[in-house]
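Residue numbers (the numbering used here): 863 to 1020.
Quick reminder that beta carbons are idealized off the backbone N, C-alpha and C, glycines included.
Beneath this line is the structure, given in structure tokens, with notes to follow.
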């Protein structure tokens, strides 16, 4: 039998076994204005934690009802780092935020791939959608991303 030893970051859950691709699904209450507008961010999916140096996929699930999308923006904490505006050229823009590297080739706006995460990548990631004229309704939702340093020891044969 081969046994691998893992040493999680102190802030990580003590249970580090299982599938590291599980996501934490965050749902929050809508305020009355956002609910009445029909514009909703249904969920933001992020991995519960990501090993330092690995990639992380973020997903934003939204519903505009009968409205058109004006913009979809991503923030880490309060810093905007990605903007998708279908009426602009280019439609996708990455803004510089330390520790956040978006791989454009595998990102669509609603789904982002963050490359080679570091401790600086940690934070709350928010997806914000804005409907187009004449209404300009907005909705957002956020979820935390924790970067851990899982050290793997040499396999031990028991």
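Item to check | Buried or exposed by the 16-neighbour rule on C-beta atoms within 10 Å, applied to residue 967 | outcome: Exposed is the call here.
Next on the checklist: Beta-carbon within less than 6 angstroms of residue 876's beta-carbon, same chain only, minus the 5 sequence neighbours each way: which residues are those?
Outcome noted: Reliability fails at residue 876, whose pLDDT of 38 lies under 50, so the model's placement of it is uncertain and the value that follows must be treated cautiously. Around residue 876: no qualifying Cβ.
Checklist entry - How would you call residue 897, buried or exposed, if buried means at least 16 neighbouring beta carbons within 10 angstroms? => result Reliability fails at residue 897, whose pLDDT of 47 lies under 50, so the model's placement of it is uncertain and the value that follows must be treated cautiously. Exposed, by the Cβ-count rule.
Next on the checklist: Here's a check: name, in chain order, each residue in its chain whose Cβ is nearer than 6 angstroms to the Cβ of residue 978, leaving out the five neighbours to either side.
Outcome noted: So the qualifying residues of the chain are 915.
Next on the checklist: Quick check: residue 975 and residue 939, are their CB atoms within less than 8 angstroms of each other?
Outcome noted: no
Checklist entry - Is residue 954 helix, strand or coil when you go by DSSP? => result strand
Next on the checklist: My output table needs one value for residue 899: the three-state DSSP class, helix, strand or coil.
Outcome noted: helix
Next on the checklist: Output needed for residue 969: all residues of its chain with C-beta closer than 8 angstroms, excluding positions within five of it in sequence on either side, in chain order.
Outcome noted: Setting aside the 5 residues that flank it on each side, residue 969 is surrounded in the same chain by 944, 954 and 975, each with a C-beta closer than 8 angstroms to its C-beta; the list follows chain order.
Item to check | Pair within 8 angstroms by beta-carbon distance, residue 986 and residue 1006 | outcome: yes
Item to check | Coarse secondary structure for residue 1007, derived from DSSP in three states | outcome: strand
Next on the checklist: Out of 911, 900 and 933, which one is the CA nearest neighbour of residue 951?
Outcome noted: 933
Next on the checklist: Taking its Cβ as the centre, do 16 or more other Cβ atoms sit within 10 Å of residue 1010, making it buried, or is it exposed?
Outcome noted: Buried.
Item to check | Beta-carbon proximity list for residue 886, same chain, < 7 angstroms, skipping 5 on both sides | outcome: Here residue 886 scores only 44 on pLDDT, less than 50, and its place in the model should not be relied on; the value that follows carries that caveat. These residues qualify, in order along the chain: 908, 910 and 1005.
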